Each structure stands twice: as C-alpha cells, then as structure tokens.
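Numbering-wise, the numbering used here comes out as the position in the sequence shown, counting from 1, plus 18. Glycine is no exception: its CB is placed at the ideal position from the N, C-alpha and C atoms. None of the values given here were measured: they were computed from a predicted structure.
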Amino acid sequence: LMKYLVANWKMNSVDLDLWEKNFLKVIGSEKDFPKSHEVKLIICLNLYDYQLFSKKIQSSKNQIFQNIILYAQDVSRYKEGAHTGQISSHYLKNIGLEGSIVGHSELRENGDTENIVFQKGLKLKEQGLSNIFCIGEDLVTLESNEKKSFLLNQLKAFCKKDVKPDLLAYEPIWAIGTGIEADSENIKSSVSIINDFLEQKKINTSILYGGSVSVENILEIIAIPGIEGCLVGNSSLDGEQFAIIASKITG
Numbered sequence: 019l020m021k022y023l024v025a026n027w028k029m030n031s032v033d034l035d036l037w038e039k040n041f042l043k044v045i046g047s048e049k050d051f052p053k054s055h056e057v058k059l060i061i062c063l064n065l066y067d068y069q070l071f072s073k074k075i076q077s078s079k080n081q082i083f084q085n086i087i088l089y090a091q092d093v094s095r096y097k098e099g100a101h102t103g104q105i106s107s108h109y110l111k112n113i114g115l116e117g118s119i120v121g122h123s124e125l126r127e128n129g130d131t132e133n134i135v136f137q138k139g140l141k142l143k144e145q146g147l148s149n150i151f152c153i154g155e156d157l158v159t160l161e162s163n164e165k166k167s168f169l170l171n172q173l174k175a176f177c178k179k180d181v182k183p184d185l186l187a188y189e190p191i192w193a194i195g196t197g198i199e200a201d202s203e204n205i206k207s208s209v210s211i212i213n214d215f216l217e218q219k220k221i222n223t224s225i226l227y228g229g230s231v232s233v234e235n236i237l238e239i240i241a242i243p244g245i246e247g248c249l250v251g252n253s254s255l256d257g258e259q260f261a262i263i264a265s266k267i268t269g
C-alpha cells in the first residue's frame, strides 16, 4: 500500500539549500529508503519558495528528490477579484502546483467555516487540482464526548456535489504544534468514525494523521490500522528529520 508523507511548512523560513542537503544525506545513508512507488512525498510550501524549490526538484539527480510533489497551504474560495492577499486555484495551477491543503485548523480558527472549506475544495476541483482535507476536534469537544458528531459534521459539509477528499488528514486540534501526542486509542476511534463514513459514501481515500508527528513517534502512529500517512509540521522544517520520518513510514 502506498504511504503518504506531507510536509506543512506553514509561515516558516526554510533554508532550501540546507534542507535539500540534509534530506539527501539521510537518503544516501539509508539502504532501505522507501522507493517512490512506496511513499509519496508532498511539501506544502510558502509560495515565495516555489520557484527555487521547483528548480531544485527538476535539476536533482536523486530520483526520490525528483519525485517530491509541491502543494500550497491554502487557496481562495473565489476565482478572482477584489480579494486582497488571496491566491486563486487558477493561479496555483498556472505556476505548477498540484494541489492545496483545505480546512486546516489554523484557518478554521481564523474564520473558515465548513461552507468556505467546501468552496475551496470546489475551486481546486474545477482546476483539476487535488486537496488535502483536514478535520479534527478541539479539547472541549473531545472532553464533552461530542467528537463523533463533530467529525461527521465536518465530513458531511465537505463531501457533496462531487467534492471529496483526495487525502484526508485527521488532526486533533489539541495535538497540533503543542507537543501533546494523541494516544493511539483516540486516533483509532477517530479513524473508525471516518472510515465508516467513507465506506457509507463509497469514497476511496487515504487517511493521514497530523499533530506533533516526529521521528520518535512515527512508528507508533503508522502502526495504527487505517492510517496510511502523516501530515508533519515542525519536524518537516528540517530536511534530515523529514527524511528520517519518510524512511520509517512504511513500517
């Protein structure tokens, strides 16, 4: 089964030369590094890094580095117009990106409603671009035993009118960037809720886990039944850390 490893660089400065050097150093030292048909590597980078990083991928002599796919971290729900600071799906396609994250909790917290997230997914689909659809509950929802209805509401709001997740990232909000790891039992129960919904709707997609993923916990996370990859934040900013996670993701 194909595994997926997605980096979300967020609004962080990344030394691209150093990232590439450290990534390739790990690949060179790992005899059993997963092949391109075993793991798909996606980097959701800052758009100002796109041109330089894209050239690095194209000119690389390393097959694994050559196969890195580049996505955006967000997309506008509008086609064009007076929307200061927003980036359209049309623009993403024109410059060569293959998709974008939608519904990340940081954007939901900043006002992205379920309908806005759906509209963004629709705009990507209209351009033939892929989405990484993020869902996840906060601590209050978890502690009040409302996780199931919360996750189902997010899924139902997105999966309609031919829009569906191309990749689905489950990210418990209370575990993102906090250093708090979600325990495997909690992740299992969420995967079960998501899988039941996907099977019922006959949607075939891979479920990723996101939330303080690191070199230390990747083997435990990827061993959870139903998890087919990870969305990595802080640990993806270092090419060496990201490559080590990639080397372990096939179990």
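Per the Cβ contact rule, the segment 30–44 is in contact with the segment 75–87 (3 or more Cβ pairs under 8 Å).
Sequence-distant Cβ neighbours of K182 in its own chain, meaning closer than 6 Å and more than five residues away, are I221. Residue pairing by DSSP places V44 in no beta bridge whatsoever. For F151, the beta-bridge partners assigned by DSSP are V120, L186. For G139, the enclosing alpha helix (DSSP H) stretches over residues 132–144. In the structure shown, the three-state DSSP call for V158 is helix. Take M20, set aside five residues on each side of it, and the residues of its chain with a beta-carbon closer than 8 Å to its own are H55, E56, V57, K58, S224, E246, in chain order. Relative to the Cα of D67, the nearest Cα in the group E124, G46, Q137, Y89 belongs to Y89. In this structure V231 touches V250 by the C-beta definition: roughly 5 Å separates them, less than 8 Å. Contact check for G117 and N149: beta-carbon distance about 6 Å, within the 8 Å limit, so the pair qualifies. In the DSSP secondary-structure assignment, C177 is not bridged to any residue. When the five nearest sequence neighbours on each side are left out, the beta carbons in the same chain lying within less than 7 Å of the beta carbon of L255 are those of W27, N30, V32, in order along the chain. Here DSSP, grouped into helix, strand and coil, assigns S94 to coil. Secondary structure of L36 (DSSP, three-state): helix. Here V158 is exposed. Its C-beta has fewer than 16 other C-beta atoms within 10 Å. The Cβ-Cβ distance between G244 and I194 does not fall below 8 Å. With a cutoff of 8 Å on beta-carbon distance, L23 and I263 are scored as near each other. Taking 8 Å as the upper bound for CB-CB distance, V120 and K97 are not in contact here, some 16 Å apart.
Only residues of its own chain outside the window of five on either side were considered, and among them A175 have a CB closer than 6 Å to the CB of E132, listed in chain order. Setting aside the 5 residues that flank it on each side, D180 is surrounded in the same chain by K143, each with a C-beta closer than 8 Å to its C-beta; the list follows chain order. In this chain, the alpha helix (DSSP H) harbouring K74 covers 68–77. Beyond the five residues adjoining it in sequence on each side, G197 comes within less than 8 Å, by CB distance, of S230 in the same chain, given in chain order. Secondary structure at A25: strand, using DSSP grouped into helix, strand and coil. A direct Cα-to-Cα measurement between S167 and Y188 gives close to 15 Å.
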